[in-house]
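Student: Top line first, the protein sequences correspond to chains Z and C. Count along the first sequence starting at 1, add 50, and that's the number in this note's numbering. Count along the second sequence starting at 1, add 547, and that's the number in this note's numbering. In this text, a Cβ means the ideal position worked out from N, Cα and C, and glycines have one as well. This is the structure I want to talk about, given as structure tokens.
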Amino acid sequence: AQSVSQHNHHVILSEAASLELGCNYSYGGTVNLFWYVQYPGQHLQLLLKYFSGDPLVKGIKGFEAEFIKSKFSFNLRKPSVQWSDTAEYFCAVTRSSNTGKLIFGQGTTLQVKP
Amino acid sequence: EAGVTQFPSHSVIEKGQTVTLRCDPISGHDNLYWYRRVMGKEIKFLLHFVKESKQDESGMPNNRFLAERTGGTYSTLKVQPAELEDSGVYFCASSFGLFNTEAFFGQGTRLTVV
Chain Z
51 AQSVSQHNHH VILSEAASLE LGCNYSYGGT VNLFWYVQYP GQHLQLLLKY FSGDPLVKGI
111 KGFEAEFIKS KFSFNLRKPS VQWSDTAEYF CAVTRSSNTG KLIFGQGTTL QVKP
Chain C
548 EAGVTQFPSH SVIEKGQTVT LRCDPISGHD NLYWYRRVMG KEIKFLLHFV KESKQDESGM
608 PNNRFLAERT GGTYSTLKVQ PAELEDSGVY FCASSFGLFN TEAFFGQGTR LTVV
């Protein structure tokens, strides 16, 4: 089935460790790609997005993601995590053929230990 | 500028009762989406309004769910009668355009059916 897959459901890191969260999608055609984050007790907010152009996109709080079309991937990275990065992270896709609805991955819970 | 607001933030109801969730989108956003996250699962699309019209309701689980957006402003999602499997977090999002655009999310309504 067509879907969005996040490789890790739960990640535990120490502060200053590097982070990479995997995301793969299985849709052909033109897609827009997003990473959303939900901090404890807060609403979903956009970390970064890719629409077109440079496949390496930079978002808020030092996050970046790379779109690799040949691999249908959009992995999220951060060189050095902080305790405040503890949150749940969601990869999502919209397709040009649909009405802007987001198709989400399962989410990855990141716990950063101080 | 006010963000997307949802009311209530939490609701606990008994099986068979009725619950109405409300979403106020960002002013000027014609597109309004409802999503749901059942515990342990991914966030799933329910339906999409463009102004007051239902553009896509392919994600609505069954006819116990009724969504409205009178006047193209706020939206309500009514569950009648509620079943245990309706428990989850209901998110609302709004956006200005359809593609190449960002959706803004509310904080969600946590619905528990007991």
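Where does residue 89 (chain Z) land, buried or exposed, given buried means 16+ other C-beta within 10 angstroms?
Tutor: exposed
Student: Looking only at its chain, what residues have a beta carbon closer than 6 Å to the beta carbon of residue 167 (chain Z), apart from the 5 residues adjacent to it on each side?
Tutor: An answer regarding residue 167 (chain Z) cannot be provided, because it is not within the stretch 51 to 164 covered by chain Z.
Student: Give me the residue from C:634, C:560, C:576 with the minimum Cα distance to residue 550 (chain C).
Tutor: C:576
Student: Would you mind listing the alpha helix (DSSP H) stretches within the region 616 to 657 of chain C that are 4+ residues and don't spill past its ends, in chain order?
Tutor: Within the region 616 to 657 of chain C, no complete alpha helix (DSSP H) run reaches 4 residues.
Student: Suppose you measure from the CA of residue 93 (chain Z) to the CA of residue 652 (chain C); what does that come to, to the nearest Å?
Tutor: 7 Å
Student: Assuming contact is defined by CB atoms lying nearer than 8 Å, are residue 57 (chain Z) and residue 159 (chain Z) in contact in what I supplied?
Tutor: no
Student: What are the boundary residues of the beta strand (DSSP E) that residue 116 (chain Z) is part of?
Tutor: 114 to 118
Student: Quick check on residue 99 (chain Z): buried or exposed, where buried means 16 or more other Cβ atoms within 10 Å of its Cβ?
Tutor: buried
Student: Quick check: is the beta carbon of residue 99 (chain Z) nearer than 8 Å to any beta carbon in chain C?
Tutor: By this cut-off, residue 99 (chain Z) is an interface position.
Student: With a cut-off of 8 Å, do at least 3 Cβ pairs link the region 622 to 629 of chain C to the region 125 to 141 of chain Z?
Tutor: no
Student: Using only CA atoms, which one of C:586, C:636, C:607 lies nearest to residue 596 (chain C)?
Tutor: For residue 596 (chain C), the closest alpha carbon among the candidates C:586, C:636, C:607 is that of C:607.
Student: Tell me which residues of the region 625 to 656 of chain C have at least one Cβ-Cβ distance to chain Z shorter than 9 Å, keeping chain order.
Tutor: 638, 640, 642, 644, 645, 646, 647, 648, 649, 650, 651, 652, 653, 654, 655
Student: Output the boundary residues of the beta strand (DSSP E) element that contains residue 88 (chain Z).
Tutor: 81 to 88
Student: Mapping the DSSP letters down to three states, classify residue 134 (chain Z) as helix, strand or coil.
Tutor: helix
Student: Assuming residue 620 (chain C) and residue 555 (chain C) make a contact with CB atoms under 8 Å, what is their CB distance in whole Å?
Tutor: Not quite, the Cβ-Cβ distance comes to about 19 Å (not below 8 Å), so this is no contact.
Student: Cβ of residue 576 (chain C) less than 8 Å from any chain Z Cβ?
Tutor: no
Student: Between the C-alpha atoms of residue 601 (chain C) and residue 128 (chain Z), what's the straight-line distance to the nearest angstrom?
Tutor: 39 Å
Student: Output needed in chain order: residues of the region 595 to 606 of chain C with a Cβ under 7 Å from some Cβ in chain Z.
Tutor: Against chain Z - using a Cβ distance shorter than 7 Å - the residues of the region 595 to 606 of chain C are 595, 602, 603.
Student: Pair every Cβ in the region 121 to 135 of chain Z with every Cβ in the region 570 to 587 of chain C, then say whether three or more of these pairs are closer than 8 Å.
Tutor: no
Student: Near residue 74 (chain Z), which residues of its chain fall below 6 Å by C-beta distance, leaving aside the five closest residues on each side in sequence?
Tutor: 55, 122, 123
Student: Taking only beta-carbon atoms, is residue 573 (chain C) less than 8 Å away from chain Z?
Tutor: So no, residue 573 (chain C) is outside the interface.
Student: Within 10 angstroms of its Cβ, does residue 66 (chain Z) collect 16 or more other Cβ (buried), or is it exposed?
Tutor: exposed
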